[in-house]
Ligand SMILES: [Cu+2]
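In our numbering, the protein residues as written are 17 to 472.
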């Protein structure tokens with residue numbers, strides 16, 4: 017009797033001391049269901065996915081805007097982006113909207129005075145008098161008349177943050193056609209990269225087509241604080257000038273001595289206006305003979321008609337504009353349809369110290385649209401020039417996965433040869449610019465495609 021009891025007690029003890037992790041999985045799950053466990057929770061029941069229609073990878077390109085072409089003697093490179101720049105606008109930006117024929121101007125969608133190119137002052141074969149006209153446009157703003165944003169621009173499928181952008185002077189409507197609420201293709205984020213030549217006599221007229229006051233500040237570019245008449249020329253309101261009021265215009269003048277990658281932005285309530293998208297690359301190209309420049313690069317990205325100064329050293333050139341966005345800032349123009357309420361909400365209620373960034377864009381697009389439109393495409397062994405700006409509120413680490421680059425300029429200033437080293441990560445503070453020379457060679461330091469693995 018005692019022996020059987022002892023045996024039963026020993027068996028129970030043996031069972032209890034058996035490590036639970038050695039139990040069969042079915043028993044472990046059952047025990048967990050009954051008694052619970054810190055490290056395990058039953059999975060939620062499955063929900064059947066709603067099948068949605070897949071978007072076409074690239075929207076149609078019926079007029080072959082992506083193709084390499086020649087318009088009015090301007091050689092325009094092929095675009096790897098799905099939504100390519102209008103090549104007629106590229107040709108008009110190079111020749112000047114006053115120098116192209118009517119058919120080209122009509123197809124460009126630009127006004128005849130959008131980019132006026134005048135005399136060749138130094139006799140080197142390119143125009144040196146440049147007059148640019150900029151307007152201000154709202155994207156994804158609200159309206160009391162319709163549900164959802166009007167003048168729609170998507171940074172990613174279904175993602176339409178409220179934005180303000182500078183835009184060249186267009187003819188016609190802000191939307192594609194009478195039946196659409198989508199923004200016309202050329203009206204987009206980021207504000208266009210502007211290119212001028214060192215020494216050019218440049219005038220930029222800001223025609224304020226918006227309901228808020230704005231200015232134009234040319235950060236890093238060599239310009240007078242006031243113009244010859246004593247009017248403000250620095251774009252910083254209440255130091256050099258009062259802002260350009262809605263419906264008004266002001267012309268800023270400069271003739272920069274130094275070349276380099278600079279930056280332009282509105283300087284009215286800059287913590288709000290700049291972060292809404294009123295900022296762009298301002299590029300001063302080195303003076304060269306016969307240097308016809310693509311005065312604007314809408315949406316940044318590939319420069320389809322690169323300058324002579326760039327073509328001397330590089331096979332291609334890209335403008336890269338990074339911008340992060342605070343959803344809670346942009347939605348204020350969707351919540352209200354009254355400039356007074358928008359002003360109060362943005363300038364008095366919005367607390368920049370509490371802001372967080374929600375969207376991250378490169379050349380106006382977020383993932384997954386970055387895969388089809390923010391591309392850097394090159395061939396083996398090419399040398400590519402990148403002009404990068406961090407227009408966001410936070411610092412960023414830029415990494416070229418697989419290739420090294422060399423920083424040649426910082427904030428528009430050329431670096432001495434001795435301080436240039438190949439690197440693959442670059443830290444950029446807010447508004448910092450860097451010019452990079454990217455070498456598409458197999459340096460034996462990274463992962464490369466099958467062609468590079470072939471052993472001869
Ligand atoms: Cu502004």
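Every residue gets a Cβ at the ideal spot worked out from N, C-alpha and C, and that includes glycine.
Small disclaimer: the values here were computed from a predicted structure and weren't measured.
Own chain residues within Cβ distance below 7 Å of residue i, not counting five before or after
i           : result
residue 85  : 92 and 103
residue 335 : 209, 297, 313, 316, 317, 319 and 403
residue 287 : 368
residue 89  : none
residue 460 : none
residue 431 : 423, 424 and 425
residue 87  : 103, 104, 107 and 120
residue 123 : 104
residue 177 : 156, 171, 341, 343, 346 and 375
beta-carbon residue i near ligand 1 non-hydrogen atom, thresh 7 Å
i           : result
residue 284 : yes
residue 363 : no
residue 318 : no
residue 294 : yes
residue 291 : no
residue 230 : yes
8 Å Cβ cutoff met for residue i and residue j
i           : j           : result
residue 179 : residue 346 : yes
residue 95  : residue 111 : no
residue 311 : residue 267 : no
residue 233 : residue 250 : yes
residue 136 : residue 142 : yes
residue 235 : residue 154 : no
residue 343 : residue 375 : yes
residue 302 : residue 309 : no
residue 231 : residue 283 : yes
residue 291 : residue 409 : yes
residue 306 : residue 274 : no
residue 416 : residue 440 : yes
residue 125 : residue 195 : no
residue 276 : residue 428 : yes
residue 12  : residue 390 : Outside the displayed span of the chain (17 to 472) sits residue 12, for which this structure offers no information.
residue 172 : residue 36  : no
residue 339 : residue 411 : no
residue 118 : residue 207 : no
residue 134 : residue 151 : no
residue 200 : residue 191 : yes
residue 436 : residue 97  : no
Spatial neighbours of residue i in its chain, beta-carbon cut-off 6 Å, leaving aside the 5 residues before and after
i           : result
residue 158 : 350 and 353
residue 264 : 224
residue 116 : 88 and 108
residue 218 : 146, 212 and 270
residue 413 : 441 and 443
residue 393 : 96
C-beta neighbour in chain D for residue i, strict 8 Å
i          : result
residue 93 : Going by chain labels, chain D is absent from the structure shown, which holds only one protein chain.
Own chain, CB closer than 8 Å to residue i, minus 5 neighbours either side, in chain order
i           : result
residue 399 : 329, 330, 331, 453, 454, 455 and 456
residue 469 : Here the model assigns residue 469 a pLDDT of 48, short of 50, so the residue's position is not dependable, and the following value carries that caveat. Within the same chain, residue 469 has no close Cβ partners at all.
residue 448 : 405, 406, 426 and 427
residue 359 : 228
residue 361 : 348, 351 and 352
residue 160 : 353
residue 75  : 98 and 99
Problem set entry | Inside the region 347–420 only - beta strand (DSSP E) runs reaching at least 3 residues | 375–378, 399–406 and 412–415
For this session: Run through the region 264–350 for me and flag every whole alpha helix (DSSP H) of 4 or more residues, listed as ranges in chain order.
Result: 286–289, 324–329 and 343–346
For this session: Go through the region 166–225 residue by residue and report every complete run of the beta strand (DSSP E) that reaches 3 residues or more, in order.
Result: 179–184, 209–213 and 217–223
Problem set entry | beta strand (DSSP E) runs wholly inside the region 419–451, at least 3 long, in chain order | 421–426 and 441–444
For this session: Enumerate, from N- to C-terminal direction, the unbroken alpha helix (DSSP H) stretches of 4 or more residues contained entirely within the region 52–114.
Result: 103–111
Exercise. Mind pulling the beta strand (DSSP E) runs of 3 or more residues that sit fully within the region 118–155?
Worked result: 131–133 and 145–155
Exercise. In the region 231–268, which residue ranges form an unbroken beta strand (DSSP E) of at least 3 residues, counting only runs that do not cross its ends?
Worked result: 233–235
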